[in-house]
Amino acid sequence: MPNLAVFIEQRDGVLKKVAWQMISEARRIADANGGEVWGVFLGQDASTATAEAGKYGADKVFAASGDALSTYNSEAWSTALAGFCKINNPDILMIGSTAMGKDLGPKVAAKLECACVSDAVGLKFDGGFEIRRPIFAGKCFTDVVPKTAISVVGIRPNAFVLEEKGGAATAAETFDPGLDGIDLKAVVEKFETSGGGKVELTDAEIIVSGGRGIKGPENYQLIEKLAETLGAAAGASRAVVDAGWVDYSHQVGQTGKTVGPNLYIACGISGAIQHLAGMSSSKCIVAINKDANAPIFKVADYGIVADLFDVLPALTDEVGKIRS
Ligand SMILES: Cc1cc2nc3c(=O)[nH]c(=O)nc-3n(C[C@H](O)[C@H](O)[C@H](O)COP(=O)(O)OP(=O)(O)OC[C@H]3O[C@@H](n4cnc5c(N)ncnc54)[C@H](O)[C@@H]3O)c2cc1C
3 MPNLAVFIEQ
13 RDGVLKKVAW
23 QMISEARRIA
33 DANGGEVWGV
43 FLGQDASTAT
53 AEAGKYGADK
63 VFAASGDALS
73 TYNSEAWSTA
83 LAGFCKINNP
93 DILMIGSTAM
103 GKDLGPKVAA
113 KLECACVSDA
123 VGLKFDGGFE
133 IRRPIFAGKC
143 FTDVVPKTAI
153 SVVGIRPNAF
163 VLEEKGGAAT
173 AAETFDPGLD
183 GIDLKAVVEK
193 FETSGGGKVE
203 LTDAEIIVSG
213 GRGIKGPENY
223 QLIEKLAETL
233 GAAAGASRAV
243 VDAGWVDYSH
253 QVGQTGKTVG
263 PNLYIACGIS
273 GAIQHLAGMS
283 SSKCIVAINK
293 DANAPIFKVA
303 DYGIVADLFD
313 VLPALTDEVG
323 KIRS
């Protein structure tokens, strides 16, 4: 009967969808094996987080607040999460594989001296946990069986399906984050975000990405227009980023962002292994490429062998008509 704890990530009060995906999966495991699903929230005002967590199947939400937790600080937040685990002994602590989660998870695991599995895409329980994660830039999967009583597991956004199950969590239970008298070695003064107002790649349900096939920076607007019409995020291959056509924050792949949207539209991208490493777990992949032998077609669910300069304006037009 495993108790499954899920870290509910927020920045400036904005809650990350990956938390509800992890809670949905935790609920499915708890329903099949017994045990409870717990949300863990750090920061001010846990009320929305608790209501949402309850909607997706959390039995309880534990929350801690205080000055040291008001903005993200890895030392304070990892201390609080490790403290929570020491008191409540969950069998697993799931943390979204976001920029924050990738920073936080290993620090929590180090404080607990327990197993840490990063970038997981699957979770099974059969007396113990078996955690699936991609290796060799997504070419293979490995199933990891942690040997410690608790394990900290980073979960890729969109690896699990959302399901509203209705758990018992209504009001958050507060816990002591154990930060009294802590002398933080570094404090975060402020965050500056880039790409204001646009859909963030790792949260996006739809991504339209452009590769070297767009020919020049002036044509990236074709990608942005389709993305905007679909309510999607705009991504890019490294070739486009290295050429300075768009900012690195758009890069998808091994050395960029790992994404797993419901729909990924790759335009003028050849499908190099390093690009696939960042997007091959997308639920549906559409490739537009004028070379019928481009490797991207091996992973694509739908392929359009055509010139993207013909396809993109027509597609944007049609989507616009349907949406309006
Ligand atoms: C250590 C390492 C890390 C890397 N990390 C990343 C990473 O994170 N992300 C990443 O993307 N790459 C990464 N790369 C680079 C990767 O190997 C490829 O070089 C890169 O992905 C190629 O980008 P591309 O597909 O846009 O360009 P290309 O490989 O040049 O492909 C362009 C494609 O556009 C098509 N095309 C051309 N004109 C048109 C047209 N008019 N209409 C339709 N199709 C057209 C062509 O047929 C071709 O298939 C990495 C490489 C290394 C060595």
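This note's numbering numbers the first residue of the sequence shown as 3 and each following residue consecutively. Cβ coordinates follow ideal geometry from the N, Cα and C atoms, glycine included.
Skipping 5 residues on each side, what residues in its chain have a beta carbon closer than 6 Å to that of residue i?
| i | result |
| --- | --- |
| glutamine 12 | Gly45 |
| glycine 41 | Val8, Ile10, Ala55, Ala60 and Val63 |
| glutamate 226 | Ala236 |
| alanine 111 | Cys118 and Val154 |
| isoleucine 208 | Leu232, Ala234, Pro263 and Leu265 |
| valine 201 | Ala235 |
Under three-state DSSP, which class holds residue i?
| i | result |
| --- | --- |
| glutamine 276 | helix |
| arginine 325 | helix |
| glutamine 12 | strand |
| isoleucine 287 | strand |
| phenylalanine 193 | coil |
| leucine 125 | strand |
| glutamate 166 | coil |
| glutamate 27 | helix |
| phenylalanine 43 | strand |
| methionine 96 | strand |
| glutamate 320 | helix |
| isoleucine 225 | helix |
| glutamate 175 | strand |
| leucine 232 | helix |
| isoleucine 184 | coil |
| alanine 206 | coil |
| tryptophan 22 | helix |
| valine 1 | Any question about residue 1 goes unanswered here, given that the chain covers just 3 to 326. |
| alanine 161 | coil |
| aspartate 33 | helix |
| aspartate 312 | helix |
By Cβ distance, which residues of its chain are closer than 7 Å to residue i, with the 5 residues on each side in sequence left out?
| i | result |
| --- | --- |
| glutamine 253 | Ala238, Arg240, Val243 and Lys259 |
| leucine 314 | Leu224, Leu228 and Cys269 |
| threonine 204 | Thr100, Pro159, Lys259 and Val261 |
| alanine 308 | Ile290 and Lys292 |
Can you check DSSP and say which residues form a bridge with residue i?
| i | result |
| --- | --- |
| alanine 238 | Gly212 and Gln253 |
| arginine 135 | Thr144 |
| valine 155 | Met96 and Val119 |
| leucine 71 | Per DSSP, none; premise fails for leucine 71. |
| lysine 259 | Val254 |
| leucine 6 | Val39 and Ile94 |
| leucine 17 | Gln12 |
How far does the alpha helix (DSSP H) with residue i in it extend, from its first residue to its last?
| i | result |
| --- | --- |
| isoleucine 306 | Looking at the DSSP string, isoleucine 306 is not in any alpha helix (DSSP H); the run it does join, the beta strand (DSSP E), is 304–307. |
| leucine 106 | 101–114 |
| isoleucine 298 | 298–301 |
| leucine 83 | 76–90 |
| alanine 51 | 49–57 |
Might you give, ordered along the chain, the residues of its own chain that have their beta carbon closer than 8 Å to the beta carbon of residue i, omitting 5 neighbours on each side?
| i | result |
| --- | --- |
| alanine 206 | Ala234, Ala235, Val261 and Pro263 |
| leucine 317 | Leu228 |
Need the endpoints of the beta strand (DSSP E) that residue i sits in, please.
| i | result |
| --- | --- |
| phenylalanine 64 | 62–66 |
| leucine 265 | 265–269 |
As a quick check of your reading: which residues have a C-beta less than 5 Å from at least one non-hydrogen atom of ligand 1, in chain order?
Gly213, Arg214, Gly215, Ser239, Arg240, Ala241, Gly255, Gln256, Thr257, Gly258, Gly270, Ile271, Ser272, Ala274, Gln276, His277, Asn291, Lys292, Asp293, Ala296, Asp309 and Leu310
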